[in-house]
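This report concerns only the one structure given below.
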Amino acid sequence: MTAVLEAHGFGKRYRRRTWALRGVDLTVPEGTITALVGPNGSGKSTLIRAWIGFERATEGRLSTGGVDPQRDRKGAVERVGYVPQSPSLYRDLTIRDHITLARTLRDGFDGPMAAGYVERLSIPLNAKASDLSGGEQAQVGLALALATRAPILLLDEQLASLDPLARREFLHLMVEAVRASGATALLSSHVITDIEQACDRLIVLGKGHTLLDLSVAEALAHHRVVEGTASDTIGVVGLDAFVGAFPAPAGEPLALVRTPVVVAAGGPVIGRSATLEEVVIGHLAAGRRRAIDAAAAAQAAA
Amino acid sequence: MTLRGAFLSYRIQRFETTIVVGAAILSVLVSMLVIWIYNASGYARCQNDDQVAFSALCQASLFPWLDRIARLSIGIVPVFPVIAGLLAGGPIVARELENGTARLAWSLGPSRLRWFVQRALPIMLMVVVSAMAIGLIANALTHLLQPSVDLDQSFVGFRARGLLVGVDAVLVASIALAFGAMLGRSVPTLVLSLIMVGGIGLAVDKVERELLTAEAAIADSNTYFFDDTNLYIDSRLKLPDGTIATWEQAAAVYPEIQNGSDVSGVSYVVLYIPGSRYHDVEQREALALLVLAGAFVALAAVAVARRRPR
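Chains as they are written, first to last, in my numbering: chain Z, 1 to 302; chain R, 303 to 612.
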């Protein structure tokens with residue numbers, strides 16, 4: 001399958017000190033809806049902004065629909081429909097004005113399509129952006145991005161700002177449009193429950209690195225959850241199969257294990273099926289543990 | 303750029319557009335009303351006929367008020383380009399970056415240059431048309447208050463009437479546009495632009511004064527009639543060998559000048575630009591300021607092309 005978004009050894013450092021991302025290697029296959037998940041500060045927004053040419057790489061390279069966004073930003077923007085993290089509509093303009101504005105800025109912008117999406121979401125076209133809620137503004141942003149008819153859709157942390165119903169409507173609209181057009185979508189989010197239904201691929205970023213890059217089906221099939229502490233679990237399944245331990249909302253601590261490794265080692269398949277949220281949390285916990293260990297090792301070496 | 307795009311640009315900066323256009327329209331209307339009353343009621347004769355000036359008509363209470371309004375209208379002309387330029391030019395890019403709307407526009411439109419032209423051109427046009435209107439009405443008011451002066455042959459109200467008012471506004475707006483694009487914040491943009499406008503104003507004045515000094519006509523100070531028709535540049539000393547020297551240069555050769563003594567063959571002269579050169583000087587300064595404005599617009603375009611949106 002052709003990759004439409006690629007990162008090879010990508011690193012971004014701010015103010016000559018802080019690395020937001022480092023050594024990121026990942027690909028997003030064409031026609032997929034991929035979730036980019038990670039904690040705050042993990043570099044999701046930086047990566048998305050770099051793919052549209054809004055950030056310059058400190059090291060490594062990127063590809064957006066076959067073009068390098070650093071060398072050909074115009075080409076990258078032409079290939080992308082982008083919905084930024086916070087809604088950024090013109091307060092004094094109506095939604096109809098925004099559609100008109102988009103038509104003047106982009107050749108081939110589908111105004112009727114944008115208006116159709118907005119009306120489907122029960123947002124009046126004559127409403128001023130300042131009169132809309134944050135969720136409605138995000139939905140307008142999505143409608144504008146979809147109406148660019150770009151082959152790649154980048155959505156940066158939109159779900160967190162939406163109420164459950166608006167979130168569901170947003171995802172429904174996005175999935176329907178992407179499936180109908182055959183486009184590729186990358187969606188960064190904290191809200192994992194909705195991602196499970198909307199996305200077919202999962203990338204987990206943590207501490208500036210890629211922690212997991214699998215299809216959602218593979219992520220679910222390849223992990224199980226057992227009750228117990230990290231040391232208890234490692235004692236049963238071995239270090240290679242152990243991913244990470246994390247607290248349960250109530251009761252015993254939980255640990256995430258890699259099923260194929262357990263099976264290959266001839267061990268019994270223990271525990272229960274993992275939810276996607278548990279897979280993500282387990283890998284984030286593992287990422288954090290590795291970062292702490294690496295920092296301690298570096299300090300000891302120094 | 304489409305007409306719709308231009309219209310949207312005005313809508314995006316509705317507050318500034320209203321202030322600038324509203325102030326220009328109000329100023330023009332008030333000035334036209336004053337001019338009409340002056341001419342219709344015969345007050346115009348009060349300015350150029352000494353006998354009529356002492357008549358009951360000119361001593362009426364309305365005349366001083368009209369005179370004050372006319373002088374006040376002329377008085378605000380030099381300030382208008384600065385305020386209009388800062389108010390209109392500063393937010394074009396700065397506020398878009400501050401509010402995050404540049405991110406939306408730059409992700410929708412692959413060409414930032416197209417966006418820049420669509421956003422900046424209508425606002426610059428509005429600024430230049432408003433300021434030109436103010437400049438032209440200042441011409442009319444100046445003529446009203448000094449009817450005996452031929453404004454095409456006079457430096458009366460130099461830089462505060464006509465073409466230079468519009469050009470000044472374009473320059474100020476361009477400076478604010480460039481700072482806005484580089485800083486991405488409205489308030490620092492206004493403050494730094496104002497400082498830059500002051501600095502450029504002083505620099506332009508200095509360069510032009512040197513240029514005009516080299517081109518100046520020379521007249522004996524005893525016979526020169528000081529008025530605003532000619533542009534007074536400086537007073538100098540003419541040495542016996544015909545050299546024109548500053549006071550310090552002359553004092554170095556003839557120290558007795560410092561004591562106030564007359565030195566044979568040394569006379570005081572005046573350097574001035576004759577009023578007949580008004581349009582030459584005005585057009586040359588306008589051209590120089592437009593080139594400078596173009597450089598700032600180009601700087602703004604480069605900043606827009608290179609910077610990352612918030």
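Built from N, CA and C at the ideal position, the CB exists for glycine as well. Quick caveat, the model's predicted, so the values are computed rather than measured.
For residue 101(Z), the C-beta contacts it makes with chain R under 8 Å involve 307, 310, 407 and 410, in order along the chain. Contact between residue 478(R) and residue 491(R) holds, since their C-beta atoms are separated by about 6 Å, short of 8 Å. Residue environment for residue 517(R): exposed (fewer than 16 other C-beta atoms within 10 angstroms of its C-beta). Here the alpha carbons of residue 381(R) and residue 576(R) stand approximately 26 Å from one another. When the Cα atoms are used, residue 357(R) and residue 368(R) turn out to be separated by approximately 16 Å.
Looking at the DSSP output, residue 541(R) bridges to nothing. Listed along the chain, the chain R residues whose CB falls inside 7 Å of the CB of residue 88(Z) are 401, 402, 403, 405 and 406. Among the residues facing chain Z, residue 339(R) is not included, as its CB has no counterpart in that chain under 8 Å away. Residue-level contact check: residue 84(Z) touches chain R, since one or more beta carbons of chain R fall below 8 Å from its beta carbon. If you look at residue 467(R), you'll find it in the alpha helix (DSSP H) that goes 465-485. For residue 93(Z), the chain R residues whose Cβ falls inside 8 Å of its Cβ are 310, 313 and 314, in order along the chain. Excluding five sequence positions before and after residue 588(R), the CB atoms of its chain that fall closer than 8 Å to its own CB belong to 465, 466 and 469, given in chain order. No Cβ-Cβ contact shorter than 8 Å links residue 246(Z) with residue 297(Z). The segment 431-439 of chain R makes contact with the segment 313-327 of chain R, as at least three CB pairs between them are under 8 Å. What residue 178(Z) touches in chain R, judged by beta-carbon distance under 9 Å, is nothing: the nearest beta carbon there is about 17 Å away.
About 6 Å separates the beta carbon of residue 487(R) from that of residue 400(R), a gap short enough to meet the 8 Å contact definition. About 7 Å separates the Cβ atoms of residue 552(R) and residue 568(R), confirming a contact at the 8 Å cut-off.
Residue-level contact check: residue 611(R) touches chain Z, since one or more beta carbons of chain Z fall below 8 Å from its beta carbon. About 6 Å separates the beta carbons of residue 10(Z) and residue 62(Z), which is inside the 8 Å limit, making them a contact pair. For residue 312(R), the closest alpha carbon among the candidates 365(R), 387(R), 410(R) and 425(R) is that of 425(R).
For residue 128(Z), the beta-bridge partners assigned by DSSP are 94(Z). Scanning chain R for C-beta atoms nearer than 7 Å to the C-beta of residue 211(Z) yields nothing, as the closest lies near 27 Å away. Taking one beta carbon from each stretch, the segment 33-41 of chain Z and the segment 194-204 of chain Z have 3 or more pairs nearer than 8 Å; the two touch. Chain Z places no beta carbon closer than 8 Å to that of residue 487(R), leaving this residue out of the contacts.
For residue 77(Z), the residues of chain R that pass the 8 Å Cβ criterion are 408, 409, 411 and 412, in the order they occur in the chain. Spanning the alpha carbons of residue 293(Z) and residue 493(R) requires a straight line of approximately 49 Å. Residue 29(Z): member of the beta strand (DSSP E) spanning 18-29, first to last residue. Its chain contains 418 as the residues whose beta carbon lies nearer than 6 Å to that of residue 603(R), once the 5 sequence neighbours on both sides are disregarded; these appear in chain order.
Within the segment 32-83 of chain Z, complete beta strand (DSSP E) segments of at least 3 residues are found at 33-37, 59-64 and 80-83, given in chain order.
In this structure, DSSP gives residue 227(Z) an extended state, which the three-state scheme calls strand. When secondary structure is reduced to three states using DSSP, residue 207(Z) falls in the coil class, being assigned neither helix nor strand. Going by beta carbons, residue 379(R) and residue 462(R) fall inside the 8 Å limit.
Closest in C-alpha terms to residue 595(R), from the list 330(R), 387(R) and 332(R), comes 387(R). Judged by DSSP secondary structure, residue 6(Z) falls within the beta strand (DSSP E) whose first and last residues are 3-14.
Among the CB atoms of chain R, none fall inside 8 Å of the CB of residue 242(Z). No Cβ-Cβ contact shorter than 8 Å links residue 91(Z) with residue 126(Z).
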